[in-house]
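Chemist:
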Amino acid sequence: MSAVQVEKKVEEEESKNVEKSGELLFCGGTSWDVIGRRKGAVEGNLISPTRLRPLVGINIRFVASGCCEFPSHCLFNALPAIVWHWMWKGVAILGDAMRHDHTLLLKGQLGHGDSIQRDRPTVVSELSKHKVVRAASGRSHSVVITEDGYSFAFGWNKHGQLGSGSAKNEIEKSPVRCQVSDVKNTACGADFTVWLSCVEGASILTAGLPQYGQLGHGTDNEYNTKDSSVRLAYEAQPRPKAITSLAGETIVKVACGTNHTVAVDANGYVYTWGFGGYGRLGHREQKDEWAPRRVDVFQRQNLLPPDAVISAGSVNSACTAGGGQLYMWGKIKTTGDDWMYPKPLMDLSGWNLRCMDSGNMHHFVGADSSCISWGHAQYGELGYGPNGQKSSAVPKKVEILDGMHVMSVACGMGHSMVIVDRTNVGDRLDQLDVYDGKASVEGSEEPVSGPLVSEQTPKKGASKATQNSKRKKSKDSSDSEDEDDNDGDSEDEDSDESDEQVNGRTEPKRQRGGKASGRGRGNGAKKAAPAEGKGAGRGRGRPPSANKSPKPAQGKAGPGKRGRPRKS
-14 MSAVQVEKKV EEEESKNVEK SGELLFCGGT SWDVIGRRKG AVEGNLISPT RLRPLVGINI
46 RFVASGCCEF PSHCLFNALP AIVWHWMWKG VAILGDAMRH DHTLLLKGQL GHGDSIQRDR
106 PTVVSELSKH KVVRAASGRS HSVVITEDGY SFAFGWNKHG QLGSGSAKNE IEKSPVRCQV
166 SDVKNTACGA DFTVWLSCVE GASILTAGLP QYGQLGHGTD NEYNTKDSSV RLAYEAQPRP
226 KAITSLAGET IVKVACGTNH TVAVDANGYV YTWGFGGYGR LGHREQKDEW APRRVDVFQR
286 QNLLPPDAVI SAGSVNSACT AGGGQLYMWG KIKTTGDDWM YPKPLMDLSG WNLRCMDSGN
346 MHHFVGADSS CISWGHAQYG ELGYGPNGQK SSAVPKKVEI LDGMHVMSVA CGMGHSMVIV
406 DRTNVGDRLD QLDVYDGKAS VEGSEEPVSG PLVSEQTPKK GASKATQNSK RKKSKDSSDS
466 EDEDDNDGDS EDEDSDESDE QVNGRTEPKR QRGGKASGRG RGNGAKKAAP AEGKGAGRGR
526 GRPPSANKSP KPAQGKAGPG KRGRPRKS
């Protein structure tokens, strides 16, 4: 198959996916005051896929979110070609929230020409006259692609990541025209942007911060701020520039991590460049690459097919190769060795992966008639529900979405979003929770923490007998978890099961116990279990209802809940 035919097939597949629409579901953190911190109550998280009331019944056809560290933001596109944003408790759809002195400050990232916080979805009026077909979001900026091949961007522009040709205005509060044409797709890293163009010899262009070589131009544009100073700076590149080393190739797919890029050409070869830490570039070393370098694993008989799926997280990368097998490389788990080169993820062998996205350290996949997630999570972004574990080192089904056709997924810092097809689901969508998003953080916590307040009130006057009973329950809970740990599960699952009862309600004082459970893995699961029990019992004011009991832990050990996900 020629490169032109491959490119045409890829465009047909993408246009087919764009025209479909469905219902948007959200899971994860709802308060950016807490996300990214080590301290603070984690109340009000949506730990199961939840419908958003302002978007119930609206046909959503595309969703995007940045994998970067907080603050992250999301962006979605509805029929008929209307771009929406939402500044929702510090989460900005087509926007962002910058942290300063523990407050949230908008910098015009909502695209309305002002810095006003909006708590409900609002149409970006200046884009309403364009038919938007693609979009991407970085740490503090957003980029959209229109049907006629133009690109618009808004948000933070300190490093020229908007591609407007100038970085004079550090903030663009309204959409500005990017200096590119005939654009068909885009992707954003933390502070840089990549465009895919139909122009021959310039199929991929980049702009923004070149610090780690993520722009692919063979340099990081480093210079001394003063002749007498050792302080280094990096010259911004505000005008999109074609990558000359790929001038002879036709790039058809691209994905961006925080500071690295993954691209696929029409022949099925994979290229990576940028920051090389943790082996995220797949070259068996951690050296930064300032220009695109071909990944040697994907050659000869293992080239990527036209319908391949690629994804880039903050510290890892992934793609599907021959036979639909998923390969991953980089920092895959919070513990253990990094994958310095692409390795097949055997847990998903045989599954037909249609879409995938990666967040900071978690992943979401739409495959067959199921939705699968795994990774390190703290805010319910894996969507396992109140009785499920918080994190998972191995892929697991999102049971509440089993049997639904997932059309698109997007992952950000502390949250995940999926678009599901409304056909053939009956009234299952009506059975899902609906989140309003209008109430303040305190208001949203009242239904959840209300019963706990009355139990926590007499904590100073609690008798020793009550405290002893709490310690006894914690000991029983650790014993039951010790039995689960001996089932042969992975390290990360063991450490995260201690959080299943408090998923979405983690207490601030519990953190020290969490650290203890995460550090003792090298001594074996059985030895680590008492540390988990100890961590669960921390905090004298912890209500008895929040302590773990053996019953949920035993329920978790049932068939189909652990290990490799089974097909329906």
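Residue numbers (this note's numbering): -14 to 553.
Here a beta-carbon is modelled for each residue, glycine too, at the ideal position from N, C-alpha and C.
Please read all numbers here as calculations on a predicted model, not as lab measurements.
#1: When we look at the beta-carbon of residue 369 and count the other beta-carbons within 10 Å, is it buried (16 or more) or exposed?
#2: Just the C-alpha distance for residue 156 and residue 175, rounded to the nearest angstrom, thanks.
#3: Under DSSP, the beta strand (DSSP E) around residue 296 begins and ends at which residues?
#4: Out of curiosity, what's the CA-to-CA distance linking residue 5 and residue 411?
#5: On the DSSP bridge assignment, give the partners of residue 246 in chain order.
#6: Excluding the 5 residues flanking residue 204 on each side, which residues of the same chain have their C-beta closer than 8 Å to its C-beta?
#7: Nearest to residue 32 by alpha carbon, out of 420, 256, 371 and 9?
#8: Measuring straight from C-alpha to C-alpha, what distance separates residue 280 and residue 314?
#9: Determine the direct distance from the alpha carbon of residue 150 to that of residue 223, and round the result to whole angstroms.
#10: The beta strand (DSSP E) spanning residue 385 covers which residue range?
#11: With 16 other CB atoms within 10 Å as the buried threshold, where does residue 182 fall?
#12: What does residue 34 pair with, by DSSP beta-bridge criteria?
#13: So the candidates are 234, 135 and 127; which of them puts its Cα closest to the Cα of residue 114?
#14: Quick check on this structure: which residue in 397, 268 and 39 has the alpha carbon closest to the alpha carbon of residue 241?
#15: How close, in whole Å, do the beta carbons of residue 404 and residue 8 come, if the pair is a contact with beta carbons under 8 Å?
#16: Which residue wins for smallest C-alpha separation from residue 341, given the options 297, 409, 386 and 325?
#17: In this structure, does DSSP put residue 122 in helix, strand or coil?
#18: For residue 111, which of 137, 118, 209 and 125 has the nearest alpha-carbon?
#19: Does any CB atom of chain C fall closer than 8 Å to the CB of residue 111?
#20: State the start and end residues of the unbroken beta strand (DSSP E) segment that holds residue 218.
#21: For residue 136, does the three-state DSSP call read helix, strand or coil?
#22: Are the Cβ atoms of residue 251 and residue 283 separated by less than 8 Å?
#23: Taking 8 Å as the cut-off, decide whether the C-beta atoms of residue 51 and residue 173 are in contact.
#24: What is the residue span of the beta strand (DSSP E) that residue 328 lies within?
#25: Checking 8 Å against the spacing of the C-beta atoms, do residue 355 and residue 550 come in under that value?
#26: Assuming contact is defined by CB atoms lying nearer than 8 Å, are residue 366 and residue 401 in contact in what I supplied?
#27: Throw me the rounded Cβ distance for the residue 303 and residue 343 pair, which I believe falls under 8 Å.
Modeler: In brief:
#1: By the neighbour-count criterion, in which a residue is buried when 16 or more other Cβ atoms sit within 10 angstroms of its Cβ, residue 369 is buried.
#2: 15 Å
#3: 295 to 297
#4: 18 Å
#5: 241 and 258
#6: 195, 198 and 275
#7: 371
#8: 11 Å
#9: 5 Å
#10: Residue 385 -> no beta strand (DSSP E), and no H or E assigned at all.
#11: buried
#12: Note: residue 34 sits in no beta bridge, so no partner.
#13: 135
#14: 397
#15: 7 Å
#16: Ranking the options by Cα distance to residue 341, first place goes to 297.
#17: Strand.
#18: Among 137, 118, 209 and 125, the Cα nearest to that of residue 111 is on 137.
#19: Chain labels in this structure do not include chain C; a single protein chain is all it has.
#20: 217 to 219
#21: strand
#22: no
#23: yes
#24: 324 to 329
#25: Contact check for residue 355 against residue 550 passes: the beta carbons are separated by less than 8 Å.
#26: yes
#27: 7 Å
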